[in-house]
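Asker: This is the structure I want to talk about, given as structure tokens.
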Amino acid sequence: MRWVSLATWLIALPLLGAEDPSYIRDVRPILDKNCTSCHQPASKQSDLDLTTYARFQAGGKRGPAFVAASPEQSLVIQFITAAVTPPMPFGQPPLAASEISTIRDWIASGARDDSSSEDASSEPAVYHQPPVITALRFSPDGKTLAVSGSREVLLHHADGSGLAKRLPGKADRILSIVFSADGSLMIAGGGTPARFGEIQFWEPRAGTLLRAVETTSDTVFGASLSPDASKVAVGCADNTVRAFDTATGKELYKISTHENWVLGTAFGIDSKRLVSVGRDRAAKLIDARAGQFLENVNQLHGELAAVARHPNADEIVIGGEDRIPYVYRMDRPRNMKVGEDATLIRRLAAQDGAIFALDWSPDGKRVAVAGAGPSVNIYDAETGLPLASCTGHTAGIYAVAFSPDSMHVATGGFDGQVRLYSTKDCRLEKSFVPVPVDGGAP
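First residue of the sequence shown? That's 3 in the working numbering, and the numbers climb one at a time after it.
What follows is the structure, given as structure tokens:
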């Protein structure tokens, strides 16, 4: 397992018992492995989307994909057995005989839909132990702290005094959370590994899901919202950056200039540009209006997992595998010479482990760095000097966020505890499990 996978693959998938042929347990993994890369919302070949039972059943240009109890009359069987052309998966080796048999048996048994457990539900998850925390964020008014859970976002009172709302959704994992400046919109990005990525659009004050958009065949990472709240960008495991219209959820464009997974995004202060970082070690500058790659911001070092932007300037801090946070300006002051890092402002101190999360305080004065090391370290953003070290975590730290007044910092990670610290001296103010365990209070 690669180092950066820790923040995304730690929650085990639910186990299913051996029963009659199952769509979720038996059929959908075959589709996800072989078919959904071409038949999903962002790339719906032949108008066919295979990411949900209902869309699979509806079929595409040639009609419904299957006829319950009649496998030989079902288009999906005809295509995967090459009874019609072109055979599927298109341009790929045919499915194994056992996989074809699995789909045929499921259709013959009635093509039962057992996907309800994966769909958005009004019933919140039941926890038997604290979940790994992979995302958290304060609301702009400072009253609420949104925390990732299992198939839900939990809205807590910002001082840690209690749970206010639970917002259940479809995605198994929420890997990033971001609010609009006025607090009327909250974006939660994540998905279910090897199945789908999802972006959820919430009205957080009422707890209303406005819309949910599925994209790609894997989770999405590092969601960011443009300052004008018109676009949301995400990184993807198919090496793309994708941008969506917040009013409709429509995909605006995808950019394929990265050579590996994209794990973080950040818009510039005027919403016109976007920076993305990923496993290919590059921080790439993108024209956010046209969806066009402009140039690399950085010299390449280690794989990158996180990016955060200065609240009032086009400066970013990036970090990842090589343990060093780098502060860059998005604008190049002059033409670069070979080997020159002309946009580099400063390097912060090397951390005790790989970097998984970064945040820049709203007053612009501090940068917080979290990761595989045992503490969250806070630095003076202007000088790069260390200010404080927040200790107490017992394993990897995957999320860090400053409060709107810059006086507090929240952290979360593998041990399932949210910790609230004073920014000034990293004094621990509150520690709590954000979910009810075995039905009890959080």
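Idealized CB from N, CA, C, for every residue including glycine.
Take the Cβ of F68 as the centre, count every other Cβ of all protein chains shown within 10 Å, and call the residue buried at 16 or more, exposed below.
Answerer: Buried is the call here.
Asker: What's the gap between the Cα of K167 and the Cα of V435?
Answerer: One C-alpha to the other measures close to 15 Å.
Asker: If contact is defined by three or more beta carbon pairs under 8 Å, each pair taking one atom from either stretch, is the segment 322-331 in contact with the segment 344-358?
Answerer: Because the criterion of three Cβ pairs below 8 Å is met, the segment 344-358 and the segment 322-331 touch.
Asker: Which two residues bound the contiguous beta strand (DSSP E) that contains E200?
Answerer: Element bounds for E200: 198-205.
Asker: Does DSSP classify Q419 as helix, strand or coil?
Answerer: DSSP places Q419 in coil when its eight states are reduced to three.
Asker: Shortest alpha-carbon distance to S163 belongs to which of E431, G366, E305?
Answerer: Per the Cα distances, E431.
Asker: Kindly indicate which residue of F404, A390, A98 has the alpha-carbon position closest to the one of A359.
Answerer: Considering only alpha carbons, the answer is F404.
Asker: Could you check where the beta strand (DSSP E) with V155 kicks off and where it finishes?
Answerer: Per DSSP, V155 belongs to the beta strand (DSSP E) from 152-159.
Asker: Assign P438 to one of three DSSP states: helix, strand, or coil.
Answerer: DSSP places P438 in coil when its eight states are reduced to three.
Asker: Helix, strand or coil for V29 per DSSP?
Answerer: Helix, per DSSP.
Asker: Can you tell me whether L430 is helix, strand or coil according to DSSP?
Answerer: Strand, per DSSP.
Asker: Considering only C-alpha positions, which residue in the set T345, I32, L157, A196 is nearest to E317?
Answerer: Cα-wise, what sits closest to E317 is T345.
Asker: Considering only the alpha carbon of each residue, which of P406, T54, C392, K426 lies closest to T413?
Answerer: Comparing Cα positions, the closest option is C392.
Asker: On the three-pair Cβ rule with 8 Å, is the segment 300-310 touching the segment 245-258?
Answerer: The answer is no - the segment 245-258 does not touch the segment 300-310, with fewer than three Cβ pairs under 8 Å.
Asker: Have a look at V309 and P376 and give me their C-alpha separation to the nearest angstrom.
Answerer: Roughly 20 Å separates the two Cα atoms.
Asker: What's the call for E120, buried or exposed, on a 16-neighbour Cβ count within 10 Å?
Answerer: Its pLDDT being 48, under 50, E120 is placed unreliably by the model, and the measurement read from it follows with that caveat. That one is buried.
Asker: Taking only the alpha-carbon atoms, compute the straight-line gap between D289 and D282 and give it to the nearest angstrom.
Answerer: In a straight line, the C-alpha of D289 is about 20 Å away from that of D282.
Asker: If you draw a straight line from the C-alpha of W263 to the C-alpha of R197, how long is it?
Answerer: Looking at the two C-alpha atoms, the distance is approximately 16 Å.
Asker: Measuring only the C-alpha atoms, how far is K35 from D161?
Answerer: The straight-line gap from Cα to Cα measures roughly 44 Å.
Asker: Give every residue of the same chain whose Cβ lies closer than 6 Å to the Cβ of D143, excluding the five residues on either side of it in the sequence, and list them in chain order.
Answerer: Answer for D143: G185, listed in chain order.
Asker: Is R213 buried or exposed, if buried means 16 or more other CB atoms sit within 10 Å of its CB?
Answerer: R213 is exposed by the Cβ-count criterion.
Asker: Does the pairing of the segment 203-217 with the segment 167-176 give three or more beta-carbon distances under 8 Å?
Answerer: The segment 203-217 is in contact with the segment 167-176.
Asker: Could you pull the start and end residues of the alpha helix (DSSP H) that W108 belongs to?
Answerer: First-last of the alpha helix (DSSP H) with W108: 99-110.
Asker: Please go through the same chain and pick out, in chain order, the residues whose beta-carbon is closer than 7 Å to the beta-carbon of Y25, but skip the five residues on each side of it.
Answerer: Same-chain partners within the cutoff: Y55, W108, R114, D115, D116, S117.
Asker: For Q294, report the span of its beta strand (DSSP E) as first-last.
Answerer: Element bounds for Q294: 294-298.
Asker: Would you kindly report the start and end of the unbroken beta strand (DSSP E) that includes A137?
Answerer: Unbroken run through A137: none, as it is neither H nor E.
Asker: Determine the extent of the alpha helix (DSSP H) in which F58 is found, giving its start and end residues.
Answerer: Counting along the chain, the alpha helix (DSSP H) containing F58 begins and ends at 55-60.
Asker: Rank F92, T83, L97 by C-alpha distance to the C-alpha of P491 and give the top, closest one.
Answerer: The chain is shown from 3 up to 444; residue 491 falls before or after that span and cannot be answered.
Asker: Assign D382 to one of three DSSP states: helix, strand, or coil.
Answerer: Note: D382 maps to strand in three-state DSSP.
Asker: For a test of the three-state rule: what should DSSP assign to N36, helix, strand or coil?
Answerer: It is helical.
Asker: Output needed for A122: all residues of its chain with C-beta closer than 8 Å, excluding positions within five of it in sequence on either side, in chain order.
Answerer: Note that A122 has pLDDT 47, beneath the 50 cutoff, so the model's placement of it is unreliable and no number is given.
Asker: Please state whether DSSP places D361 in a helix, a strand or coil.
Answerer: Residue state, collapsed to three classes: strand.
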